[in-house]
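Remarks on the structure that follows.
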Ligand code: SF4
C-alpha cells in the first residue's frame, strides 16, 4: 500500500491481481478456495496443490467494505483505518493515566461497532487532503 507516496500509484508500478490470477490460471489452473481467511485476502487454490494462494489487492481491488483491521501505532494511538483517523483512541495516554481496563475495553468495543462506517471505502493513495503520512509512519 503506497500510502503517502502517490507516485507509486502510476500504472507502470504495479500489476493487477486479476491479471496475475489470469496468468496463473492459464498455466496451472486456479479456483476460488472454500477456505475463508479472517483478513483482507482473497483465497484461491491451484487444483491438486496442498496450499492456498492469497491475494491482498489494495492497488487494484478496493476491499475496504470488508476490512476488519485496526492499527496500533508506535505512538500509542489505536486507529480504525489506515486512511481515516476518525474515532482513533489514544491508548498510550489512557494507560499511563491508569484508566481502568474495563473502560478501555468499552472504548475499543465502541470503536469496533463503528468501524464499518469509519472505513475509507475507496481506493485512494492516501496523499490527498491533509493525510500525507507514509505507511512506515503509521507503523506498516
Ligand atoms: S483504507 Fe482503511 S478500511 Fe480500507 S483496507 Fe485500508 S485500513 Fe481497511
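In my numbering, the protein residues as written are 911 to 1050. We put the beta carbon where it would ideally sit given N, CA and C, even for glycine.
Any heavy atom of the ligand SF4 closer than 7 Å to the beta-carbon of residue i?
i: residue 1024; result: no
i: residue 957; result: no
i: residue 973; result: yes
i: residue 994; result: yes
i: residue 1029; result: yes
i: residue 946; result: no
i: residue 979; result: yes
By how many angstroms is the C-alpha of residue j removed from the C-alpha of residue i?
i: residue 953; j: residue 1000; result: 34 Å
i: residue 934; j: residue 961; result: 15 Å
Start and end of the beta strand (DSSP E) containing residue i?
i: residue 987; result: 987-989
i: residue 965; result: 963-965
With a CB to CB cut of under 8 Å and the five nearest residues on each side skipped, what residues in its chain are close to residue i?
i: residue 930; result: 965
i: residue 1048; result: 913, 981, 983, 989 and 992
Taking residue i as part of the alpha helix (DSSP H), name the residues at either end of that continuous run.
i: residue 954; result: Segment 952-955 is the beta strand (DSSP E) holding residue 954; no alpha helix (DSSP H) there.
i: residue 933; result: 927-938
i: residue 995; result: Where residue 995 is concerned, there is no enclosing alpha helix (DSSP H), given that its DSSP letter is neither H nor E.
i: residue 1017; result: 1011-1028
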